[in-house]
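Visitor:
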Amino acid sequence: MNMVKTHRRYQEVAARISRYVAEKRLEPGARLPGEIDLAKVCGVSRPTIREAMVALEIAGELEIRSGSGAYVREAVNPMSLVLDSGPGPFELLRARILIEGEIAADAALYASAGDLAKIEKTLQQMRKLVQAKTNAQVTDRQFHVAIGEAAKNSVLTSIVDGLWAGMFAPMYHRLSQRAGLDQHQAAALEDHEAIFAAIAGRNPNEARRAMRRHLHHVEEHLTSDDVPSPVKPPSKPTPDAAANGRKQPV
Numbered sequence: 003m004n005m006v007k008t009h010r011r012y013q014e015v016a017a018r019i020s021r022y023v024a025e026k027r028l029e030p031g032a033r034l035p036g037e038i039d040l041a042k043v044c045g046v047s048r049p050t051i052r053e054a055m056v057a058l059e060i061a062g063e064l065e066i067r068s069g070s071g072a073y074v075r076e077a078v079n080p081m082s083l084v085l086d087s088g089p090g091p092f093e094l095l096r097a098r099i100l101i102e103g104e105i106a107a108d109a110a111l112y113a114s115a116g117d118l119a120k121i122e123k124t125l126q127q128m129r130k131l132v133q134a135k136t137n138a139q140v141t142d143r144q145f146h147v148a149i150g151e152a153a154k155n156s157v158l159t160s161i162v163d164g165l166w167a168g169m170f171a172p173m174y175h176r177l178s179q180r181a182g183l184d185q186h187q188a189a190a191l192e193d194h195e196a197i198f199a200a201i202a203g204r205n206p207n208e209a210r211r212a213m214r215r216h217l218h219h220v221e222e223h224l225t226s227d228d229v230p231s232p233v234k235p236p237s238k239p240t241p242d243a244a245a246n247g248r249k250q251p252v
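Note that the working numbering has the sequence shown beginning at 3, numbered continuously upward.
1. Grab me the residues of Ala-188's own chain with a C-beta within less than 8 angstroms of its C-beta, minus the 5 sequence neighbours each way, in chain order.
2. In angstroms, rounded to a whole number, what distance separates the CA positions of Arg-10 and Glu-221?
3. Is the CB-CB distance between Ala-138 and Ile-201 below 8 angstroms?
4. Just mark Ala-134 as buried or exposed, buried being the case when its beta carbon has 16 or more other beta carbons within 10 Å.
5. Grab me the residues of His-223's own chain with a C-beta within less than 6 angstroms of its C-beta, minus the 5 sequence neighbours each way, in chain order.
6. Unbroken alpha helix (DSSP H) runs of length 4 or more, entirely within the region 140 to 201: which are they?
7. Ends of the alpha helix (DSSP H) at Leu-28?
8. Could you tell me which uninterrupted alpha helix (DSSP H) segments, each at least 4 residues in length, are contained entirely in the region 37 to 120, listed from first to last along the chain?
9. Between Arg-129 and Leu-191, is the Cβ-Cβ spacing less than 8 angstroms?
10. Ordered along the chain, which non-local residues of its own chain (more than five positions away) have a Cβ less than 8 angstroms from that of Ile-38?
11. Indicate the three-state DSSP secondary structure (helix, strand or coil) for Arg-210 in the structure shown.
12. Ordered along the chain, which non-local residues of its own chain (more than five positions away) have a Cβ less than 7 angstroms from that of Tyr-12?
13. Which same chain residues end up closer than 6 angstroms to Cys-44 when comparing Cβ atoms and leaving out the 5 residues on each side of it in sequence?
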């Protein structure tokens with residue numbers, strides 16, 4: 003059986019950036035033009051440039067410094083550039099917007115009482131993690147998979163699970179780190195609550211809108227330059243304060 007090789011847009015752009023570095027003879031430590039300028043040079047969207055830069059960073063050819071830019075790490079040989087980290091993050095999100103919106107609508111029509119209880123349980127778990135300022139990505143996945151199951155279509159459930167496998171891939175993980183996506187967990191929780199309310203209320207149109215709105219929010223966070231500062235962990239009370247029930251100033 004012949005295997006069809008997938009050509010991804012970010013791979014093509016990464017190769018072009020790699021050739022640009024070689025042609026300009028940029029030395030290690032040299033700073034590349036910004037994303038907007040590279041997007042104009044390559045004739046592609048800024049999200050595609052961002053995906054390509056992350057792919058080059060994973061390959062060890064660039065170093066991306068938050069708030070500063072991208073820097074050459076080593077000499078690049080464009081002929082040997084092999085970068086296939088799976089679907090790009092924005093490609094995955096576009097697929098999720100198209101598919102998961104309809105899944106949420108079907109869940110509003112077909113979810114059983116048990117399905118609703120399962121979705122609500124994942125929300126409760128996510129709420130606890132967000133309040134504890136702990137990464138809630140696993141619970142986030144469980145929420146979306148539970149909605150897929152509630153749609154009563156095993157094919158759709160498999161699709162959601164497959165899409166989420168891509169969300170744990172190196173490309174998405176690194177881009178999420180760059181965008182400070184984990185600092186938006188409280189906003190994601192609000193979106194999830196709106197999705198659940200629409201599904202529990204048997205409102206398929208609102209469930210579809212709420213899911214798409216949520217995923218567009220994720221897309222906006224990943225393309226934003228406004229990266230939030232990490233949330234400061236709560237201070238631990240001293241033994242004396244704990245004994246007296248007093249809180250220490252943060």
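We put the CB at the ideal spot given by N, CA and C, even for glycine.
As the structure is a prediction and not an experimental result, all values here were calculated from the model.
Guide: Let me lay it out:
1. These residues qualify, in order along the chain: Val-132.
2. Take the alpha-carbon of Arg-10 and the one of Glu-221: they are about 19 angstroms apart.
3. Taking 8 angstroms as the Cβ cut-off, Ala-138 and Ile-201 do not qualify as a contacting pair.
4. With a threshold of 16 other beta carbon atoms within 10 Å, Ala-134 falls short and is exposed.
5. Closer than 6 angstroms at the Cβ level, and outside the excluded window around His-223, lie Ala-181, Leu-183, His-186.
6. Runs of the alpha helix (DSSP H) inside the region 140 to 201: 156 to 169, 172 to 181.
7. Judged by DSSP secondary structure, Leu-28 falls outside any alpha helix (DSSP H); it is assigned neither H nor E.
8. Listed in chain order, the complete alpha helix (DSSP H) runs (minimum 4 residues) inside the region 37 to 120 are 37 to 44, 48 to 60, 91 to 112.
9. With a cutoff of 8 angstroms on beta-carbon distance, Arg-129 and Leu-191 are scored as near each other.
10. If you ignore the 5 residues before and after Ile-38, its C-beta comes within less than 8 angstroms of the C-beta of Arg-48, all in its own chain and listed in chain order.
11. In this structure, Arg-210 counts as helix in the three-state DSSP scheme.
12. Excluding positions up to five away in sequence, the list reads Thr-50, Glu-53, Ala-54, Ala-57, Gly-90.
13. So the qualifying residues of the chain are Val-15, Arg-18.
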